[in-house]
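In terms of my numbering, the numbers along the sequence shown are unbroken and rise by one, the last being 152.
Report on the following structure.
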Amino acid sequence: MTGTEYKRGVYGALQRAGFAKQRHALHAPGEGATVLVNAEKGFGDQWFINAGFCLHRLDPAPVERVEKTHMYFRLERLFPAHRELILAASALDNPGQPAAYPLLLDLLATEIGAGLRALGTEQALIAAYRAGRLGQGLVLRGARELIEASA
């Protein structure tokens with residue numbers, strides 16, 4: 002499998018989950034927040050799926066790239082129960098990748114896609130942050146302050 006084929010499949014699965022392609026990432030608007038997702042090549046033949054969240058109260062202007070969001074995570078850190086599958090399906094040189102990839106696409110189109118969209122509201126992000134679910138990624142100071150100040 003090539004990187005282009007991998008990315009095309011990931012994006013197609015997330016589009017089935019309600020995400021829309023806009024320039025450099027897939028977007029799903031929510032109440033008070035927007036979710037962005039992309040797939041990018043890491044080291045060697047490893048690919049990573051990244052999810053970012055923009056909080057509209059911090060900046061209502063849309064962003065085009067996951068790395069420009071207020072919170073930014075690798076998918077396997079947001080969904081640790083599926084970590085091994087996500088990483089195996091995303092390592093194109095892994096002998097188990099061809100078997101893991103269709104399972105990943107199914108999860109992206111269903112459970113993970115729905116989970117990302119459910120996180121895509123300001124209140125859901127606040128609750129997830131307070132529950133410790135958003136501890137393994139980048140959370141900008143402005144987002145952290147907004148969340149900590151929210152009652």
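Every residue gets a Cβ at the ideal spot worked out from N, C-alpha and C, and that includes glycine.
Predicted, not measured: the structure shown is a model, and the values here were computed from it.
Beta-carbon contacts of residue i that lie in its chain and below 8 Å, excluding the five residues immediately before and after
i: LEU147; result: LEU56, ARG58, LEU59
i: TYR102; result: MET2, TYR7, GLY10, ALA90
i: GLU41; result: TRP48, PHE49, ASN51
i: GLY97; result: ALA89
Residues that residue i bridges to, as DSSP identifies them
i: LEU27; result: LYS22, VAL38
i: TYR73; result: GLY53, LEU139
i: ALA110; result: Answer by DSSP bridge pairing: none, since ALA110 is not bridged.
i: GLN47; result: ALA92
Proximity test, residue i beta-carbon vs the ligand ADP heavy atom, cut-off 7 Å
i: ALA129; result: Only the bare structure without any ligand can be found here, which leaves the ligand ADP out of the picture.
Same chain, Cβ closer than 6 Å to residue i, five either side skipped, listed in chain order
i: ASN95; result: ALA89
i: GLN137; result: ARG78
i: LEU133; result: Note that residue 133 is Gly in the sequence shown here, rather than Leu. Answer for GLY133: no residue qualifies.
Where residue i sits in the DSSP three-state scheme
i: THR5; result: helix
i: GLY10; result: helix
i: GLU149; result: helix
i: ALA82; result: helix
i: ALA62; result: coil
i: GLU32; result: coil
Whole-Å CB distance - residue i paired with residue j, under 8 Å assumed
i: ALA18; j: ALA110; result: 5 Å
i: PHE74; j: GLY121; result: At roughly 13 Å, the Cβ-Cβ gap does not stay under 8 Å, so PHE74 and GLY121 are not in contact.
i: LEU139; j: MET72; result: 7 Å
i: VAL64; j: LEU105; result: The pair is not a contact, with the Cβ atoms about 26 Å apart (cut-off 8 Å).
i: PHE80; j: ILE127; result: So it is not a contact: roughly 19 Å between Cβ atoms.
i: ARG118; j: ALA29; result: 5 Å
Own chain, CB closer than 7 Å to residue i, minus 5 neighbours either side, in chain order
i: GLU32; result: THR122, GLU123
i: THR70; result: LEU37, GLY53, PHE54, CYS55, VAL64
i: LYS22; result: TYR12, GLN16
Can you list the alpha helix (DSSP H) stretches of 4 or more residues lying completely in the region 117 to 144, in chain order? 123 to 131
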